[in-house]
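K.L.:
The listed protein sequences correspond, in order, to chains A and E. First residue of the first sequence: 1, per our numbering; consecutive thereafter. First residue of the second sequence: 134, per our numbering; consecutive thereafter.
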Amino acid sequence: MEKVSTICPYCGCGCGLYLHVENGLITGVSPSAHHPVNHGSLCVKGWNCHEFVQHPDRLKYPLVRKDGILQKSSWEDALDLIASRLSGTKEKYGPDAIGILSSAKCTNEENFVMMKFARAVIGTNNIDHCARL
Amino acid sequence: MAGLASAFGSGAMTNSISEIADARVIFVVGSNTTEQHPMIAMHMLEAVDRGATLIVADPRKTQIAAFAHTHLRQRSGTDVALLNGIMNVIIGEGLVDINFVRRRTENFDEFEKVVKRCTPEVAEKITGVPASDIQRVARIYATEKRSMLFYSMGITQHVTGVDNVRSCANLVMLTAHIGQPMTGLNPLRGQNNVQGACDMGALPDVYSGYQKVADARARKKFESAWRRKLPSARGMTMIDMFDSAREGRLKAMYIVGENPVMSDPDTSHVVEAIRKLDFLVVQDIFMSETAELADVILPAVTFAEKDGTFTNTERRVQKVRKAVRPMYGAMPDWKIIAELSKKMGYDMGYRAAHEIMEEAALLTPVYGGILHHRLDDFGLQWPCPDADHPGTPFMHRKKFAKGLGTFNPIEFTPPDETTDMTYPFILTTGRLYFRYHTATMCRRTATLEREEPECFVEINPKDAGRIGVRSGNSVKAVSRRGEIVVKALVTDRTPEGIVFIPFHFREAAVNLITSPAVDPVAKIPEFKVCAINLVPVIPKPGERPKNRYNRKEDLKILNELYEEPEVPS
Ligand code: SF4
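(1) Which residues does DSSP list as the beta-bridge partners of A/Arg65?
(2) With distances taken from each beta carbon to the nearest heavy atom of the ligand SF4, which residues come in below 5 Å, in chain order?
(3) Does DSSP put E/Lys409 in a helix, in a strand, or in coil?
(4) On the premise that E/Ala621 lies in contact with E/Val590, defined as a C-beta separation below 8 Å, what is that separation, rounded to the nearest angstrom?
(5) Mind checking if A/Met114 is an interface residue toward chain E, Cβ cutoff 8 Å exclusive?
(6) Taking Cβ to Cβ, would you say E/Phe633 is nearer than 8 Å to E/Arg206?
(7) With 16 other CB atoms within 10 Å as the buried threshold, where does E/Met554 fall?
(8) Just how far apart, CA to CA, sit E/Thr336 and E/Ile469?
(9) Report the CB separation of E/Asp466 from A/Cys106 in whole angstroms; it is logged as a contact under 8 Å.
(10) According to DSSP, is E/Met175 part of a helix, a strand, or is it coil?
(11) With DSSP as the reference, label A/Asp128 as helix, strand or coil.
(12) If the cut is a Cβ gap below 8 Å, which residues of chain E does A/Gly28 touch?
(13) Quick one: grab the DSSP three-state call for E/Met315.
(14) Could you give the residue range of the alpha helix (DSSP H) that holds A/His34?
(15) Straight-line CA distance for E/Ala264 to E/Ala214?
(16) CA-CA distance, A/Gly99 and E/Lys362?
(17) Which residues of chain E have a Cβ atom closer than 7 Å to the Cβ of A/Gln54, listed in chain order?
(18) Check for me: the beta strand (DSSP E) holding E/Tyr343 runs from which residue to which?
(19) Given a threshold of 16 other Cβ atoms within 10 Å of its Cβ, counted over all protein chains shown, does E/Asn666 qualify as buried or as exposed?
(20) Which residue or residues does DSSP assign as beta-bridge partners of E/Cys663?
(21) Pull up the distance between the alpha-carbon of E/Ala534 and that of E/Leu304, whole angstroms please.
(22) What is the DSSP secondary structure of A/Lys45, counted as helix, strand or coil?
(23) What residues from the region 441-465 of chain E come within 9 Å of chain A, judged by C-beta to C-beta, listed N to C?
(24) Let me check you understand the geometry: is the CB of E/Gly601 closer than 7 Å to at least one non-hydrogen atom of the ligand NAP?
(25) Could you list which residues in chain A have their beta carbon closer than 7 Å to that of E/Leu414, in chain order?
(26) Just to confirm my understanding: we take E/Leu216, look at its own chain, exclude 5 residues before and 5 after, and list those with CB closer than 7 Å. What are they?
(27) If you measure between the beta carbons of E/His529 and E/Gly312, is that distance less than 8 Å?
(28) Assuming E/Met371 contacts A/Asp67 under a Cβ cut-off of 8 Å, what Cβ separation, rounded to an integer in Å, is found between them?
(29) So that I know if they touch, is there some Cβ in chain E lying closer than 8 Å to that of A/Phe117?
(30) Using a Cβ-Cβ cutoff of less than 7 Å, which residues in the same chain neighbour E/Ile223 once the five nearest sequence positions on both sides are dropped?
(31) Check each candidate in E/Glu245, E/Gln268, E/Asp411 and E/Arg322 and name the one with the smallest Cα separation from E/Ile173.
(32) Under 8 Å: do the region 53-70 of chain A and the region 87-97 of chain A share three or more Cβ pairs, one atom per stretch?
(33) Do we get a CB-CB distance below 8 Å when we pair E/Met374 with the residues of chain A?
(34) Take the Cβ of A/Ala118 as the centre, count every other Cβ of all protein chains shown within 10 Å, and call the residue buried at 16 or more, exposed below.
(35) Which residues of chain A have a Cβ atom closer than 9 Å to the Cβ of E/Val357, listed in chain order?
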């Protein structure tokens, strides 16, 4: 079994924990003993924070709406479609007709990339996240 | 965090979690810490064990309130009056730290004029909290040196949310409980990386590190780093975006990892706005109500399948590490955006997450020394300006981020929606311990799902008697905007005249009936105050209530859930 040190994804406490990995699957969680926030404990959310990772309901491939129905698509096609639709919207209505909502569940790096995408690639400051909720 | 930034020039928890256990006074305003931030509550209770005084201000008898030495049950939406009352006592009894106020702050005189009017007796009339309690709390908080103040969504989700935060800032400056260990003003932020999302500039008016888009020098720096002309006008907030979409001006949206259809205060408004869009992309790990309306859905990965960093509520930037390969065909969000951006003619060229952080560090003064290889132990707390800096456990030591701290004179304004004959109850909403936001993650976690089976409304026994419901009965909650049917849970945790519904349940989306009024500065939707009526739902003759035993069982579980305290071991 391998133990990977990481951070609980559930609340702003940011407790340190280990994910137990066996044969490419996560099998359990244990708290980080010396972490300044949690000192070797976790709350019930932290103890169960791996369960949703391997859930069969996970989205498994891109879906694209065709004739009103969401259909399986390849990454290539889905991204091409998004690129052309966003570029089209930008040309026709200007960059400020596009809005981006980033996420407080994503990493810092992802939020940085998202804001760079909105500002440098689309050319709008219409970027926000759901922290207000 | 507009309120805090206007007082101090920075909007984050000023002190650290590890200081809590050594505090002497812990004053918690509008945060049900044991449920929302269990491990922070653990430190608070440890402080209590060591003799600290715990003061909780919350209309509801929350779990943390059960541990409090003094529980102030102010009426919903009257926090400003309560805080002004406390500050009135502090000024009146000469407990102000005059030295600090003179050296480090400005605008005290204006502020004093407003607070002078709010005597404890006036505050008692507005808040319902006895004047003697207000005086006692003021004395305890002001005279003890190591006093920490905490607040969370309970106070920011009001029309007066920014005012509430500014009032708290006034209080800590008045008593100089800032810039020292075991003091400070400490917002407890909900989702795991709200702090990081703000720090990284996922906001309409600032780049990473709160550098204003309107500031020509900051813009120039980003323009030369990114080799693109950047817009200077502030963008739209989430709420503006949905308004604009509804009016047909916003045409396309790209939503990552969020489910605004469920989490926005006015659900039907959001659905209408989204339907008007020409094009919607949703990127998430599970199907959601918002994704069901999308034109393209992209599968992203969870925290266990990618590298990166999260910033917790005490500004600690910590490493998240990839434990397993991406499941199924999913990709990390940053990779998806980078690929898309390449297709749109802009190659970001990142090969790994740490390269993104290197760029962010270069462009963001407070993250200047935050580099992945330095975060291996327990991360670093920003501000951390360079690669040798050890990080900052508590802020505003010698001076505030903006120089002088500003007192903001804040008058009490009554909540936006008031009760009347037709809508006699105040509805407050909030989250429960076992649930995380709109539950897309939790509902896939069997252990958590089991704990809390059904949506309910908490109602005081006296109110329940008056309208004739008992625990387990169905009631219809009707507001000026809509209605939902939920189970009644009769309890004195909720004071008379106030009812409480948690906002995690798809079946009874409480947001269908909440108020769309928005704080004019921070644009935080008002969740906490909304006038409603409750009507018992009478089963049709002959119709037997289903699953009677289960229902009892459910209520038992709900009750235990509150009673079982998270005591530090
Ligand atoms: S273990 Fe509990 S307290 Fe710690 S971060 Fe996770 S949810 Fe928050």
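Here a beta-carbon is modelled for each residue, glycine too, at the ideal position from N, C-alpha and C.
P.N.:
The answer reads as follows:
(1) A/Leu70
(2) A/Cys8, A/Tyr10, A/Cys11, A/Cys13, A/Cys15, A/Leu42, A/Cys43, A/Lys45, A/Gly46, E/Pro171 and E/Met172
(3) helix
(4) 6 Å
(5) yes
(6) no
(7) exposed
(8) The sequence given here places Leu at residue 336 of chain E; Thr does not occur at that position. Their backbone Cα atoms lie some 20 Å apart in a straight line.
(9) 5 Å
(10) helix
(11) strand
(12) Near A/Gly28 there are no residues of chain E at all, since even the closest Cβ is about 11 Å away, more than 8 Å.
(13) coil
(14) Counting along the chain, A/His34 falls outside any alpha helix (DSSP H), and DSSP gives it neither H nor E.
(15) 12 Å
(16) 18 Å
(17) Met460
(18) Element bounds for E/Tyr343: n/a, residue is neither H nor E.
(19) buried
(20) E/Leu560
(21) 18 Å
(22) helix
(23) Gly441, Thr442, Phe443, Thr444, Asn445, Thr446, Glu447, Arg449, Val450, Gln451, Lys452, Val453, Arg454, Lys455, Ala456, Val457, Arg458, Met460, Tyr461, Gly462, Ala463, Met464 and Pro465
(24) With respect to the ligand NAP, the structure shown offers nothing to examine, as its ligands consist of the ligand SF4.
(25) Looking at the sequence provided, one finds Val at residue 414 of chain E rather than Leu. Ile82, listed in chain order.
(26) Ser300, Cys301 and Leu304
(27) yes
(28) With 8 Å as the limit, E/Met371 and A/Asp67 do not qualify as a contact, their Cβ atoms being about 30 Å apart.
(29) yes
(30) Val229, Ala271, Ala275, Leu307 and Thr308
(31) E/Arg322
(32) no
(33) yes
(34) buried
(35) As written in the sequence, residue 357 of chain E is Ser, which differs from the Val given in the question. Under the 9 Å cutoff, chain A gives no residues; its nearest Cβ is about 12 Å from E/Ser357.
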